[in-house]
Amino acid sequence: QQQVKQSPQSLIVQKGGIPIINCAYENTAFDYFPWYQQFPGKGPALLIAIRPDVSEKKEGRFTISFNKSAKQFSLHIMDSQPGDSATYFCAVSGGYQKVTFGTGTKLQVIP
Amino acid sequence: NAGVTQTPKFQVLKTGQSMTLQCAQDMNHEYMSWYRQDPGMGLRLIHYSVGAGITDQGEVPNGYNVSRSTTEDFPLRLLSAAPSQTSVYFCASSYSGGGREQYFGPGTRLTVT
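Chains as they are written, first to last, in this note's numbering: chain S, 64 to 174; chain C, 3 to 115.
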């Protein structure tokens, strides 16, 4: 059973656009929802994370929106730049449960 | 701090050979884990450890062994390499349980022929 479903698989936006990446989960015991950013040839790096007691969290140009009732969360990148071109992974975990990652979204921001 | 380090960066093995992928962290993190990354499949957890002397299986543990004798080191052993183990392997560490806020190493690209 897939713990988290991520979409889309790939995304192309123009510079300045707002790409949105979505993740859906099933287990209501999850209480930590991070997003990781990975550049080619590098390891993933934590970008931003949210807990289910808030509906939105912003860090710079990156925003997580969280919908607890729908069991969905999404990453929005404001004023996207070519330097944001990377693969983005959502993940879910709860308590001492193992972390499960989404399958990734390859984002390309074209000038 | 060096963070999470992994060696080697690249490795080619023949089917049936064994090897150990090294992982070390200098952040005094208790939680460490190994992932493999394959195209279209994201990151899949192989094994993890919540502290020295304690390890457990992840999603895809078959063909891999781990041990955790110190807080700093968490090596991954391939017992008898198979072409299906061709992948990029990442080690990660975290100060908190459940793998929150993980710091990843640069990865090891392994090819099994």
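For every residue, glycine included, the Cβ atom is placed at its ideal position computed from N, Cα and C.
Values in this document were obtained by computation on a predicted structure and should not be read as measured data.
My assumption, with CB atoms under 8 Å, is that residue i sits in contact with residue j. Please give the rounded CB distance.
i: S73 (chain S); j: T168 (chain S); result: 7 Å
i: P145 (chain S); j: V117 (chain S); result: Not confirmed; about 30 Å, so no contact.
i: G5 (chain C); j: G165 (chain S); result: Not a contact, Cβ separation roughly 24 Å.
i: F102 (chain S); j: S156 (chain S); result: At roughly 23 Å, the Cβ-Cβ gap does not stay under 8 Å, so F102 (chain S) and S156 (chain S) are not in contact.
i: A83 (chain C); j: L15 (chain C); result: 4 Å
i: I111 (chain S); j: E122 (chain S); result: 5 Å
i: A87 (chain S); j: K134 (chain S); result: 6 Å
Using CA atoms only, rank isn't needed, just tell me which of the options is closest to residue i.
i: F12 (chain C); options: C:T22, C:G5 and C:N3; result: C:T22
i: L116 (chain C); options: C:S98, C:S20 and C:Q104; result: It is not possible to answer for residue 116 (chain C), since the shown part of chain C is limited to 3 through 115.
i: Y50 (chain C); options: C:Y66, C:G42, C:A83 and C:T115; result: C:Y66
i: T73 (chain C); options: C:S98, C:T88, C:A54 and C:E61; result: C:A54
i: R111 (chain C); options: S:G104, S:Y151, S:S70 and S:D94; result: S:G104
i: S71 (chain C); options: C:T17, C:T9 and C:I56; result: C:I56
i: K68 (chain S); options: S:S143, S:Q77 and S:E89; result: S:E89
i: T9 (chain C); options: C:H31, C:S69 and C:G107; result: C:G107
i: G79 (chain S); options: S:K161, S:C153 and S:D147; result: S:D147
i: W98 (chain S); options: S:P174, S:F152, S:K161 and S:L170; result: S:F152
i: G109 (chain C); options: C:D58, C:L81 and C:T88; result: C:T88
i: T150 (chain S); options: S:Q100, S:Q77, S:T91 and S:Q66; result: S:Q100
i: S143 (chain S); options: S:N130, S:L170, S:E119 and S:K120; result: S:L170
Find the residues of chain C that neighbour residue i, judging by a C-beta separation of less than 7 Å, and give them in chain order.
i: T166 (chain S); result: G42, M43 and G44
Starting from residue i, find everything on chain C with Cβ-Cβ shorter than 8 Å and list it in chain order.
i: F152 (chain S); result: G44 and L45
i: K68 (chain S); result: Those do not exist, as K68 (chain S) stays about 11 Å from chain C at its closest Cβ, beyond 8 Å.
i: L109 (chain S); result: E103, Q104 and Y105
With a CB to CB cut of under 7 Å and the five nearest residues on each side skipped, what residues in its chain are close to residue i?
i: H139 (chain S); result: I81, I83, T126 and S128
i: P71 (chain S); result: T168
i: Y95 (chain S); result: A112, R114, S156 and G157
i: T7 (chain C); result: A26 and G107
Just the chain S side, please: which residues come within less than 8 Å of residue i by C-beta, in chain order?
i: Y50 (chain C); result: K161
i: N92 (chain C); result: A small correction: the amino acid at residue 92 (chain C) is Phe; Asn does not occupy that position in the sequence shown. Within chain S, the residues near F92 (chain C) are G106 and P107.
Listing by chain order, which chain S residues have their CB less than 7 Å from the CB of residue i?
i: P108 (chain C); result: K105 and G106
i: G60 (chain C); result: K161
i: F12 (chain C); result: The contacting residues do not exist; F12 (chain C) stays about 11 Å from chain S at best.
Apply the 10 Å Cβ neighbour rule to residue i and answer buried if 16 or more other Cβ atoms are within range, or exposed otherwise.
i: I75 (chain S); result: exposed
i: P107 (chain S); result: buried
i: Y33 (chain C); result: buried
i: S132 (chain S); result: exposed
i: T115 (chain C); result: exposed
i: L80 (chain C); result: buried
i: Y91 (chain C); result: buried
i: S86 (chain C); result: exposed
Residues in the same chain with beta-carbon distance under 8 Å from residue i, minus the five sequence neighbours each way, listed in chain order, please.
i: R46 (chain C); result: Y37, R38, Q39, D40, G60, E61 and V62
i: E103 (chain C); result: S96 and Y97
Could you name the residues of chain C that residue i contacts, counting a contact when the two beta carbons are closer than 9 Å?
i: A112 (chain S); result: R102 and E103
Leaving aside the five residues before and after residue i along the sequence, list all residues of the same chain whose C-beta is less than 6 Å from its C-beta, in chain order.
i: N30 (chain C); result: none
i: N85 (chain S); result: S70 and S137
i: D28 (chain C); result: N3 and A4
i: A154 (chain S); result: P97, V162 and F164
i: D75 (chain C); result: A26
i: T113 (chain C); result: V14 and T88
i: G18 (chain C); result: S82
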